[in-house]
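A short write-up of the structure that comes next.
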Amino acid sequence: MPERIERHRQMAEAGIREHQALSEANIAGHKPVIARASTSGVPATYFTPQGGEQQRPEGISWGGSEKTLKELQIFWKRIPDFRIEAKIYPSETGWAQVLHWIGTGDDGADWNVQEIDVFTTDDAFNVTRMEIYSDLQQWKDLLDYLGVGEMTGAAYYELIQSQPGSGD
Numbered sequence: 009m010p011e012r013i014e015r016h017r018q019m020a021e022a023g024i025r026e027h028q029a030l031s032e033a034n035i036a037g038h039k040p041v042i043a044r045a046s047t048s049g050v051p052a053t054y055f056t057p058q059g060g061e062q063q064r065p066e067g068i069s070w071g072g073s074e075k076t077l078k079e080l081q082i083f084w085k086r087i088p089d090f091r092i093e094a095k096i097y098p099s100e101t102g103w104a105q106v107l108h109w110i111g112t113g114d115d116g117a118d119w120n121v122q123e124i125d126v127f128t129t130d131d132a133f134n135v136t137r138m139e140i141y142s143d144l145q146q147w148k149d150l151l152d153y154l155g156v157g158e159m160t161g162a163a164y165y166e167l168i169q170s171q172p173g174s175g176d
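Okay, so the sequence shown: first residue is 9 according to this note's numbering, each after it adds one.
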């Protein structure tokens with residue numbers, strides 16, 4: 009079973025590197041580009057304590073995706089160096105990752121918003137479940153700073169969709 013643990017470590021690290029590459033390109037003044045498909049194509053369950061379980065027939069993306077890039081662009085407008093730092097904890101059934109979304113705002117404010125994600129995979133290493141846990145007040149404060157804190161989920165999703173993608 010050490011092979012499964014190592015494979016999960018590799019999967020987690022690849023996803024984190026994709027996020028980091030998007031931010032590094034933006035910080036360097038280059039246009040970030042998505043390097044892989046957005047989802048696995050294997051049906052999965054997405055869970056947050058606030059929203060409960062949702063079925064995702066198209067699968068789940070755990071690295072850089074077109075949606076991720078578009079959402080990061082909202083953050084980069086006020087926090088140009090907004091990026092991710094992560095600690096990964098692989099296991100035989102998947103992995104957990106502790107994420108710190110950090111950066112300095114255009115007014116000098118330092119941001120460090122934490123999140124814990126837990127991924128479960130099947131025997132073929134397809135992600136079948138993703139759970140996200142976070143301090144909602146930290147995210148609310150950050151979204152308020154960005155000017156989107158009062159938006160409904162649907163309005164925020166529309167804002168994400170309106171951002172330029174890697175092909176735009």
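Ideal placement from N, C-alpha and C gives every residue a C-beta, glycine not left out.
About 4 Å separates the beta carbons of E123 and L107, which is inside the 8 Å limit, making them a contact pair.
Just measuring C-alpha positions, the residue of A104, G67, G116 and L77 sitting nearest Y165 is L77. Here the C-alpha atom of I92 lies approximately 16 Å from the C-alpha atom of L151.
Residue pairing by DSSP puts M138 in a beta bridge opposite Y54 and F127. For P65, the secondary structure class from DSSP, reduced to helix, strand or coil, is coil. Judged by pairs of C-beta atoms under 8 Å, the region 114–132 does not touch the region 34–43, as fewer than three such pairs exist. Secondary structure at G60: strand, using DSSP grouped into helix, strand and coil. In its chain, beyond the 5 residues on either side, N34 and F90 have a beta carbon closer than 7 Å to the beta carbon of W84. The straight-line gap separating the alpha-carbon atoms of R86 and A94 is approximately 22 Å. Looking at the DSSP output, P98 sits in a beta bridge with W103. A direct Cα-to-Cα measurement between Q171 and M9 gives close to 42 Å. Each residue's CA atom was taken as its position, placing P88 and G113 some 7 Å apart. The closest CA to that of M19, considering only K75, T56, G60 and A104, is found on A104.
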